[in-house]
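For the record, in the sequence shown the residue sitting at position 88 is 87 according to numbering that gives the first Met the number 0, with numbers rising by one throughout.
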Amino acid sequence: MGPADKLAYPQLKVDTEPRRLLVTTEPYVVFTALGYQAAMDVYERKTKRHWSIYIGAVSISKSLCTLVNANAGSAIGLEFWINKESDNQKSKYILSE
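Written out as structure tokens, the structure reads:
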């Protein structure tokens with residue numbers, strides 16, 4: 000399977016407000032104006048909406064790697080909270096179970 004030319008769902012914009020997400024796909028690659036980017040699809044139960052999220056930021060990918068390893072190597076079915084540390088554009092993402 001090659002890279003997709005777009006996300007499967009609208010892009011989730013993460014801010015300082017924590018959001019609970021359920022992962023519905025394994026990571027996949029999307030070709031963007033910035034080159035290839037890793038993404039995955041998630042479901043937010045509160046809003047009952049499907050989203051796609053870019054996962055290339057180190058603060059996201061490190062936490063995801065830990066969660067995936069604890070889930071027998073699969074991202075599908077993981078549930079976690081995600082938010083940013085601050086409103087600063089370069090602030091880190093926080094993932095917690």
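The beta carbon of each residue, even a glycine, is placed where N, CA and C say it ideally should be.
Cβ-based burial, residue i [other Cβ within 10 Å; buried from 16]
i: ILE75; result: exposed
i: VAL22; result: buried
i: ASP4; result: exposed
i: ASP40; result: buried
Expected contact under 8 Å - CB spacing of residue i and residue j to nearest Å
i: ALA38; j: ILE54; result: 6 Å
i: LYS91; j: SER58; result: 4 Å
i: LEU6; j: SER60; result: The Cβ separation is near 17 Å, so there is no contact.
Per DSSP, the bridge partner or partners of residue i
i: GLY34; result: THR31
i: SER95; result: TRP80
i: SER51; result: GLN10 and ASP40
Inter-residue Cα distance where the pair is residue i and residue j
i: GLN88; j: GLY72; result: 31 Å
i: GLU78; j: GLU43; result: 10 Å
i: CYS64; j: ILE81; result: 14 Å
i: SER95; j: TYR35; result: 26 Å
i: VAL28; j: PRO9; result: 15 Å
i: PRO26; j: SER85; result: 26 Å
i: HIS49; j: LYS83; result: 20 Å
i: ALA56; j: THR46; result: 24 Å
i: ARG18; j: PHE30; result: 26 Å
i: LEU66; j: LEU20; result: 13 Å
Extent of the continuous alpha helix (DSSP H) run through residue i
i: LEU63; result: 57 to 69
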